[in-house]
Structure formats: structure tokens, C-alpha cells
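Notes for the one structure printed next.
In this note's numbering, the protein residues as written are 207 to 280.
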């Protein structure tokens with residue numbers, strides 16, 4: 207469920223097909239997200255899961271984002 211929500215957020219912000227996004231997808235390298243895109247993605251994740259992400263740099267892959275949300279929402 208967390209993965210699906212994050213995948214939808216990333217797909218919406220970057221305007222890509224959600225089916226192309228896997229846990230191993232690197233947000234910057236594979237999806238060509240720039241710093242503004244990453245800012246938007248982080249804000250949407252924060253709003254959706256009611257958490258705070260202090261350092262967006264810790265999120266390189268979709269799996270990093272999923273694990274971070276899982277830890278913050280325990």
C-alpha cells in the first residue's frame with residue numbers, strides 16, 4: 207500500500223507511467239528528476255503520510271522512500 211501511494215505520487219509529479227516505477231527505480235538517475243521534482247515528491251509524501259522528511263538526499267530509490275515512510279509510520 208505504501209509503495210503504491212509513493213509510486214502514484216512520483217508518477218504524477220514526473221508525468222510518467224506508474225507501471226515503469228519499481229522499488230529499484232532510482233528517482234534522479236532513472237526518472238531524471240531534478241531538485242524541484244524531488245522537492246515536490248518529498249512534499250507530497252510528507253502530506254500523504256503526515257510525516258516530516260528532514261533530508262531528501264536519503265531518498266535515492268523508491269525503496270528508500272518506502273522504507274523511510276514505514277519507519278516513520280510505525
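Beta carbons: idealized from backbone N, C-alpha and C, even for Gly. Computed from a prediction, not measured in an experiment: that's the story for all the values here.
Could you give the first and the last residue of the continuous alpha helix (DSSP H) run that contains residue 214? The sequence position of residue 214 within the chain shown is 8, counting from 1. 208-220 is the extent of the alpha helix (DSSP H) around residue 214.
Among 266, 211 and 277, which residue has its Cα nearest to the Cα of residue 236? Looking up residue 236 in the chain shown gives position 30. Taking each of 266, 211 and 277 in turn and checking the Cα distance to residue 236, the smallest one comes out for 266.
Whole alpha helix (DSSP H) runs in the segment 239-273 with 4 or more residues, listed along the chain? Complete alpha helix (DSSP H) runs here, min 4: 241-255.
Spatial distance of residue 208 from residue 232 (CA atoms): The residue labelled residue 208 in the question sits at position 2 within the chain shown. The residue labelled residue 232 in the question sits at position 26 within the chain shown. The alpha-carbon of residue 208 is positioned some 17 Å away from that of residue 232.
Contact check, residue 272 vs residue 257, beta carbons under 9 Å: Locating residue 272 in the chain shown gives position 66, where the first residue counts as 1. Locating residue 257 in the chain shown gives position 51, where the first residue counts as 1. Judged by their CB atoms, residue 272 and residue 257 are not nearer to each other than the 9 Å cut-off.
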